[in-house]
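Numbers in the numbering used here are just positions in the sequence shown, counted from 1, shifted up by 51.
Here's the structure, in structure tokens; my notes come after.
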Amino acid sequence: MKHARRNSLLLLALLPALGGCLRTTRSVMKTHPPEQVLSSSLDHIVKSTADRYDSIKTLKASVEMQASTGGGKQGKVVDYTSFNGYILIRKPGDFHFLGLLPAIHTRMVDMVTNGQTFTLVIPPKSRAVTGSNTITTPSKNALENLRPDMFTDSLLIQSAKPGELVSMTSDDRIYQPDPTKKYIVDEPEYEFGIYRPVQNSQELKTQRVIHIGRSTLLPYQQDIYDEKGQLVTVANYSDYKMFGETTFPAKITIRRPQDEITLNMTITELSVNQPLEDDQFEAPKIPANYSVERLP
52 MKHARRNSLL LLALLPALGG CLRTTRSVMK THPPEQVLSS SLDHIVKSTA DRYDSIKTLK
112 ASVEMQASTG GGKQGKVVDY TSFNGYILIR KPGDFHFLGL LPAIHTRMVD MVTNGQTFTL
172 VIPPKSRAVT GSNTITTPSK NALENLRPDM FTDSLLIQSA KPGELVSMTS DDRIYQPDPT
232 KKYIVDEPEY EFGIYRPVQN SQELKTQRVI HIGRSTLLPY QQDIYDEKGQ LVTVANYSDY
292 KMFGETTFPA KITIRRPQDE ITLNMTITEL SVNQPLEDDQ FEAPKIPANY SVERLP
């Protein structure tokens, strides 16, 4: 017992010396808490998300967009020249996206859907694509997997639908508000999960996970999953502004991890709940000399 006690005392005496020899200290950027941290309940998060979605019946936006394709799977990234465009949404399913060629501002892409099927016209390539809003068989050409639902689901965040289950967990996110400044924020967040029960099973399928920053209780990210439970779209939201009486993110990034496509969108003008006419959602006419591909 005496020997054991003596050895223990000797080890304790050596620890400070060993610590000084075997450890190093390095500097890292210090994190800062947000100016305020708000709290909420799951019921309130469900209701506030539904209220934001329900409050918008129509949406008209002028946007600047920049697209990138590629990544680790391809071993390269291709960045495309930014362009201007317009987005029209009229619930329940009407959507119209018009992209203009840089500099000359003529039609580059024109996509319209009625909520079930879409028509996409690409004048510079004398090409058109038609098909269902829902992808049944993914194309090897990643750009052909871009469907109207990707835009509408990202722009208008839905809450839980009848029959879906919800959960809320707490976490933290660390981010740099301004890349030019050495200032990092450590912000508490809520993760609002929405799930669909599988019939005759104990399994739940993840539909969406909405990440909500607790400094504002506004979403900063949405993860969207397909019927197989695979992550198909990640939408990030920042630079919230007042457009009239509506608070809306001025910057939205839509990323498709499986297709390795990223769309960076900046909203320059936005109006909501203004009348939109039927002719604004008419499918673009396809000239006779265009090659037409019909997707499932």
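Even glycine gets a Cβ: it sits at the ideal position worked out from N, Cα and C.
Remember, it's a predicted structure, so these values are computed and weren't measured experimentally.
Compute the distance between the beta-carbons of Y291 and Q272, then report whether it is under 8 Å.
-> no
Within the same chain, show all residues whose beta-carbon is closer than 6 Å to that of D161, passing over the 5 residues directly before and after it, in chain order.
-> L149, V172, P335
CB-CB under 7 Å to V129, same chain, minus the five flanking residues each way: which ones, in chain order?
-> S119, T120, G121
So what's I96 in DSSP terms, helix, strand or just coil?
-> helix
With DSSP as the reference, label K256 as helix, strand or coil.
-> strand
If you draw a straight line from the alpha carbon of I155 to that of N135, how long is it in whole angstroms?
-> 11 Å
Residue interval of the beta strand (DSSP E) (run including D161) = 158–164
L110, buried or exposed, once every other Cβ within 10 Å from all chains shown has been counted against 16 | buried
What runs of the alpha helix (DSSP H), each 4 residues or longer, lie entirely inside the stretch 191–227?
-> 199–206
Tell me, please, which residues DSSP counts as bridged to Y241.
-> S221, I263
Validate contact between the stretch 248–259 and the stretch 290–305 using beta carbons, cut 8 Å, 3 pairs | no
Taking the beta strand (DSSP E) that P270 falls in, what are its first and last residues?
-> 269–276
So what's Q87 in DSSP terms, helix, strand or just coil?
-> coil
Looking only at its own chain, which residues have a Cβ that is under 6 Å from the Cβ of A101, when we skip the five neighbours before and after it?
-> S210
Can you tell me the Cα-Cα spacing of T185 and K233, whole angstroms?
-> 43 Å
Going by other Cβ atoms of all chains shown within 10 Å of its Cβ, with 16 needed for buried, is R307 buried or exposed?
-> buried
What residue range is occupied by the uninterrupted beta strand (DSSP E) comprising T317?
-> 312–323
The beta strand (DSSP E) spanning G182 covers which residue range?
-> 178–183
Taking the C-alpha atoms as reference points, what is the distance between K81 and R259?
-> 32 Å
How many whole angstroms separate the CB atoms of L206 and I140, which I take to be in contact at a CB cut-off of 8 Å?
-> 7 Å
Just the C-alpha distance for E320 and A112, rounded to the nearest angstrom, thanks.
-> 6 Å
Smallest Cα separation from E86: which of S266, Q325, D329?
-> S266
Coarse secondary structure for L73, derived from DSSP in three states = helix
Pick helix, strand or coil for D229, following the three-state DSSP scheme.
-> coil
Which residue or residues does DSSP assign as beta-bridge partners of G126?
-> G126 pairs with nothing; no bridge assigned.
Who does D145 pair with in a DSSP beta bridge?
-> R141
Among G214, I261, Q227, K256, the one whose alpha carbon lies nearest that of E242 | I261
Express the C-alpha separation of T164 and H147 in angstroms, rounding to a whole number.
-> 7 Å
Of the listed residues N340, Q309, A339, S342, nearest to G123 (C-alpha basis) | Q309
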